[in-house]
Amino acid sequence: MIHFIDVSKIYPNGSVGLDRVNLTVEKGEFVFLVGPSGSGKSTLLRLITREEKPTEGKVLVGSRNIARLRRKEIPYLRRRIGVVFQDFRLLPKLTVAENVAFALEVNELSRKEIRRRVAEVLDLVGLAGKERACPRELSGGEQQRVSIARAIVNNPLVLLADEPTGNLDPETSWEIVKLLETINIRGTTVIMATHNETIVNTLQRRVVAMAEGRTVRDEVRGSYQQ
Amino acid sequence: MIHFIDVSKIYPNGSVGLDRVNLTVEKGEFVFLVGPSGSGKSTLLRLITREEKPTEGKVLVGSRNIARLRRKEIPYLRRRIGVVFQDFRLLPKLTVAENVAFALEVNELSRKEIRRRVAEVLDLVGLAGKERACPRELSGGEQQRVSIARAIVNNPLVLLADEPTGNLDPETSWEIVKLLETINIRGTTVIMATHNETIVNTLQRRVVAMAEGRTVRDEVRGSYQQ
Amino acid sequence: MKIITLGKLAGEGMANLRARSGMGLTAITIITLAFVVLGLFLVLFFNLNSLGTSLAQKLQLRVFLTDGASIETVGESLRSLPGVEGLEFVSKAQALEELRKQLGERSELLDLVEENPLPHTYIVRVREAELIPGIAEEAKTIVGVEEVVYGRESLGKVLDFINTVSILSVVGMVIIFLATLFIVVNTIRLTVIARKEEIAIRKLVGATDAFIRAPFVFEGIFMGLASASLASLLADFTYRLVLERAPQAIPFLPILPREAVVPQVTLSLLGLGVLLGIVGSWVSVRKYLR
Amino acid sequence: MKIITLGKLAGEGMANLRARSGMGLTAITIITLAFVVLGLFLVLFFNLNSLGTSLAQKLQLRVFLTDGASIETVGESLRSLPGVEGLEFVSKAQALEELRKQLGERSELLDLVEENPLPHTYIVRVREAELIPGIAEEAKTIVGVEEVVYGRESLGKVLDFINTVSILSVVGMVIIFLATLFIVVNTIRLTVIARKEEIAIRKLVGATDAFIRAPFVFEGIFMGLASASLASLLADFTYRLVLERAPQAIPFLPILPREAVVPQVTLSLLGLGVLLGIVGSWVSVRKYLR
Ligand SMILES: Nc1ncnc2c1ncn2[C@@H]1O[C@H](COP(=O)(O)OP(=O)(O)OP(=O)(O)O)[C@@H](O)[C@H]1O
Ligand SMILES: Nc1ncnc2c1ncn2[C@@H]1O[C@H](COP(=O)(O)OP(=O)(O)OP(=O)(O)O)[C@@H](O)[C@H]1O
Ligand SMILES: [Mg+2]
Ligand SMILES: [Mg+2]
Chain A
1 MIHFIDVSKI YPNGSVGLDR VNLTVEKGEF VFLVGPSGSG KSTLLRLITR
51 EEKPTEGKVL VGSRNIARLR RKEIPYLRRR IGVVFQDFRL LPKLTVAENV
101 AFALEVNELS RKEIRRRVAE VLDLVGLAGK ERACPRELSG GEQQRVSIAR
151 AIVNNPLVLL ADEPTGNLDP ETSWEIVKLL ETINIRGTTV IMATHNETIV
201 NTLQRRVVAM AEGRTVRDEV RGSYQQ
Chain B
227 MIHFIDVSKI YPNGSVGLDR VNLTVEKGEF VFLVGPSGSG KSTLLRLITR
277 EEKPTEGKVL VGSRNIARLR RKEIPYLRRR IGVVFQDFRL LPKLTVAENV
327 AFALEVNELS RKEIRRRVAE VLDLVGLAGK ERACPRELSG GEQQRVSIAR
377 AIVNNPLVLL ADEPTGNLDP ETSWEIVKLL ETINIRGTTV IMATHNETIV
427 NTLQRRVVAM AEGRTVRDEV RGSYQQ
Chain C
453 MKIITLGKLA GEGMANLRAR SGMGLTAITI ITLAFVVLGL FLVLFFNLNS
503 LGTSLAQKLQ LRVFLTDGAS IETVGESLRS LPGVEGLEFV SKAQALEELR
553 KQLGERSELL DLVEENPLPH TYIVRVREAE LIPGIAEEAK TIVGVEEVVY
603 GRESLGKVLD FINTVSILSV VGMVIIFLAT LFIVVNTIRL TVIARKEEIA
653 IRKLVGATDA FIRAPFVFEG IFMGLASASL ASLLADFTYR LVLERAPQAI
703 PFLPILPREA VVPQVTLSLL GLGVLLGIVG SWVSVRKYLR
Chain D
743 MKIITLGKLA GEGMANLRAR SGMGLTAITI ITLAFVVLGL FLVLFFNLNS
793 LGTSLAQKLQ LRVFLTDGAS IETVGESLRS LPGVEGLEFV SKAQALEELR
843 KQLGERSELL DLVEENPLPH TYIVRVREAE LIPGIAEEAK TIVGVEEVVY
893 GRESLGKVLD FINTVSILSV VGMVIIFLAT LFIVVNTIRL TVIARKEEIA
943 IRKLVGATDA FIRAPFVFEG IFMGLASASL ASLLADFTYR LVLERAPQAI
993 PFLPILPREA VVPQVTLSLL GLGVLLGIVG SWVSVRKYLR
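Chains as they are written, first to last, in the working numbering: chain A, 1 to 226; chain B, 227 to 452; chain C, 453 to 742; chain D, 743 to 1032.
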């Protein structure tokens, strides 16, 4: 479903983000992206959302080469991709429900439809009852759940998570990863970049290891270290 | 050297940052601050730098109650405290040397003195030779070293580190913690808030555990979990 | 985009303005004031234009006839000169009457005069100010014409001056428009920066450019319209103040009545306000979209 | 703070301005233009003031004597009236001469007059415009006075009008000053926001408020001074343009020479520029220091 074909990304300042990467992720997979700092994990994810354009090569999402996407088409690509970040990126002035509804508004759904879907997805991530709370009033783990809810409320094909547990204590980190697994089991492809050794080693999922912009290891039931 | 006496911090929106905390850190100690997200670790550190004022209680640094500090005196307090963050907080447009010199300029030292001290401290953190590089061109670990260099270049009494390894891979995290240990051995008090179980358990230093704004555990040779 | 969404985004623009109300209000106040000055420049401009036209219409030559010349023949000749629009005949008697009026109290002086010393006169209306000197020259060559008199350079200089002030007032208007545009851009840019995070998240969840831009465009339009409306009222008020005093104070300068100026100014300001809002917000958001 | 540090921080302010040069230049351009308008308002204001003063000085009554009245006695009586500053005597003959001048070409008319019909006249200078009607009434009661004539209300109305325009021009200046202040504040605020991170880090490593504020204050002062200098040149140029045309075009309005206006305007603008820079930067940084 996602194919990187000979993709290189050189940033304008000359630093190498990706160096001839080839990678295929099929529908329904759960992939850990690991590697030292600066190895290109975030760059790889940013190419999928077309936050960056590859310098060379093709990035296929579905069957389209999104390197060739016109500006106008980008929003419609992004509605099919959910993204979760280490720092949650919630809007502090909106409530939990509003933060999630935010992602639906751009689709111009009816109020009723929005309310139904938000309730459904908050229930899924275990935040039913916290609709009216503000991000400030929530623990880090709860905030990350909100941001996951926002990412999946549009029923995306794929969920990208860039170090979603970097700001969380080990226990909370586990809860989040379990939630991602649940979402994966319901059919969404998940790609998660992480430094968390314990989680990667325990979960025994596909691991793609990167170093200096290249994929250096790809194991179906991998661990953090070689 | 640092004393928290019955300190409470309630934020304007009503959330409890600290709840009657009593804590003493002596000169030359190395303290890990652990606890789940929202337990008050960052709040505690922010009270030491007077980024926040306690709602109740006394915070002594040296022998002064800094809760009573006048606005004008705050800069002079801060020059005696070094701070390191998870996200490095380097200025992207300045070189490594300039980022470190930045902290000396506010002291109005001579150019020569500044150059001497910057060189000295970059040598200490193992970045000799990278003076002219820009943060972008450095790995995450190297960037964190720069920010540590900036924090210690003023010879502070105490170095505060708020999850300094949250963005780093395990290997790099270790390098950073080793560096903090080196700095500690040279006489600087170090307080580090962290979620990294492996590091806390391996290093066997004093551990202060927090939960819901209180200190719930204080062990001289502690580990992450009870 | 659906109407309901558009309504929602307009509401958001309004909310933005209210949220940063300190700045929003300051901006509106200052744009209003700037618009008042702009409006007064417009008023000045309209007045100068009408003044110029009316002065130009008054351009006239006075042709004095020699005693005993044939009034009709000279009239024919004058009428046939190119550029002449019309003639008015003033007889010796009428001319004396005019002088009597001009002298006012001291006209008794004229009673002492035995014979009317004034000549028959033709007042010649001319199409354009530039033609006057040429026509005067030609008129002088007509048999029966004693002398030709006109405002010479002085009128031309007045027109010149009116022109200069007109141009300056247009320049003034452009300057003020640019300044207000800059204020709108910077005010909205501050809102944009304050909502940078939100814009980034919006983009991430798949909002189109139009969707992201709309609240800011509405904010700009609100700002422009509010300022323009207030400014129109203030400009009207100021103009009335001037109108009350000017006619007696400077009777030699005709001033346009309110009805001939205020509606145009109001419409112009409202139009400019909307334009300002749209252009200003477009410019300030653009950078954060690409 | 050490001089060398101050120099460094000034350099930083300059660098800020250059770094965001697109905006810095736009801001300077617009402030310059606004200052030109401000300068022209100042020029207008100075001119109106001088015009008002010179008109007030020309306030005068004309007292006509009956034929055969004692010139000296009437003079004494007039001089003793409160509010009278001085007298000037115009004899019958001088009055006729004056009239002759006024009539110009047609003064031959007067040659037909057998006897000089004009009266002896006293021109009375008065301390304040308000006193004129009272003095006129009293003068009429003096034996030997035939009639008293003065500009009646018309002069008062001119002064009223000048006053109104003066006030409007001051209001205009205040508006423009506020607008430029707002532009400076917003421009610097954008720099401040762009350097928010840096300010936060500076605070963290122990920079004093003055140290953090200095570059922005310098940036503001540079902006103000640059704009004021350019604007002074442009205002001077514009004033010369007006001076070249105005005297012939509107000879009835005296206009101040360049030397009497331009230096004051330049100094005022430079002063305002610095003030603007300081106040503007102070306001825009304050929030981020708190
Ligand atoms: N916007 C950018 N401009 C220039 N260079 C960049 C940019 N973003 C990343 N880079 C460079 O590209 C390389 C890959 O960076 P990337 O952020 O993808 O690594 P990463 O694996 O996500 O690292 P981390 O674990 O620290 O998040 C690095 O050398 C980095 O310096
Ligand atoms: N600026 C603030 N305003 C209001 N509430 C705040 C603020 N900062 C922190 N809090 C609240 O204070 C409590 C303690 O937060 P703090 O950031 O100190 O926790 P922490 O232990 O550092 O958590 P983490 O591990 O997520 O960094 C939390 O409930 C948090 O919501
Ligand atoms: Mg990354
Ligand atoms: Mg924290």
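Just so you know, even glycine gets a beta-carbon here, dropped at the ideal spot from N, CA and C.
Taking A:V7 as reference, the option from A:H195, A:R20, A:I199 with the minimal CA-CA separation is A:R20. Contact residues of the stretch 944-970 of chain D toward chain B are R944, L946, V947, G948, A949, T950, F953 (C-beta to C-beta distance below 7 Å). For B:G366, the nearest beta carbon of chain A is closer than 8 Å to its own beta carbon.
The beta-carbon of D:I917 is placed less than 8 Å from the nearest beta-carbon of chain C. In its chain, beyond the 5 residues on either side, K267, A435, M436, A437 have a beta carbon closer than 7 Å to the beta carbon of B:G261. The Cβ atoms of D:S974 and D:G817 do not sit closer than 8 Å to each other. For the stretch 74-89 of chain A, the set of positions with a beta-carbon nearer than 7 Å to some beta-carbon of chain C reads P75, Y76, R78, R79, V83, R89 in chain order. Distances from the CB of B:T424 to the heavy atoms of ligand 2 are all 7 Å or more.
Contact of A:N99 with chain B by beta-carbon distance below 7 Å is absent, the smallest such distance being about 17 Å. Leaving aside the five residues that flank B:G413 on each side, the residues in its chain whose CB is nearer than 7 Å to its CB run, in chain order, G254. Residue contact with chain A for B:S263: present (Cβ-Cβ distance below 8 Å to some residue of chain A). Below the 8 Å Cβ cutoff, chain B contributes E334 as neighbours of D:K744, in chain order. A check of alpha carbon separations from D:F831 across D:S1023, D:I745, D:R867 identifies D:R867 as the nearest. Look at B:R315 here: in three-state DSSP terms it is coil, with no helix or strand label.
C:G725 sits in a helix when the DSSP states are folded into three classes.
B:Y302: member of the alpha helix (DSSP H) spanning 300-304, first to last residue.
B:N393 has a beta carbon lying within less than 8 Å of a beta carbon in chain A. With a cutoff of 8 Å on beta-carbon distance, B:I409 and B:V416 are scored as near each other. Contact between C:A547 and C:T573 holds, since their C-beta atoms are separated by about 6 Å, short of 8 Å. The beta strand (DSSP E) runs lying completely inside the stretch 102-168 of chain A and spanning 3 residues or more are 158-162, given in chain order.
With a beta-carbon spacing of about 16 Å, A:L109 and A:N99 fall beyond the 8 Å limit used to define contacts. Residue list for ligand 3: A:K41, A:S42, A:D162, A:E163, A:A193 (CB closer than 7 Å to any heavy atom, chain order).
In this structure, A:N13 has its beta carbon less than 7 Å from a heavy atom of ligand 1. For a cut-off of 8 Å, the C-beta gap from B:V379 to B:A329 is around 5 Å, short enough to register as a contact.
For C:G624, the neighbours in chain D by C-beta distance under 7 Å run, in chain order, V779. Using a CB distance cut-off of 8 Å, C:T484 does not count as an interface residue toward chain A.
The stretch 21-58 of chain A contains, as complete beta strand (DSSP E) runs of 3+ residues, the segments 30-34 (chain order).
Here A:K9 is bridged, per DSSP, to A:L18. Contact between D:L803 and D:V890 holds: their C-beta atoms lie close to 6 Å from each other, under 8 Å.
B:H229 has a beta carbon lying at 8 Å or more from every beta carbon in chain A.
Annotation for A:V83: T49, A151, L160 place their beta carbon closer than 7 Å to its own, counting only its chain and skipping 5 residues before and after. Against chain A, the beta carbon of C:T457 has neighbours under 7 Å at E108, listed in chain order. Look at B:S263: its beta carbon is less than 7 Å from one of the heavy atoms in ligand 2. Counted as a single uninterrupted DSSP element, the beta strand (DSSP E) harbouring A:R214 occupies residues 214-219.
DSSP places D:G828 within a strand segment (E or B) once states are collapsed to three.
Scanning the stretch 597-665 of chain C for uninterrupted beta strand (DSSP E) segments of 3 residues or longer gives 597-602, listed from N- to C-terminal end.
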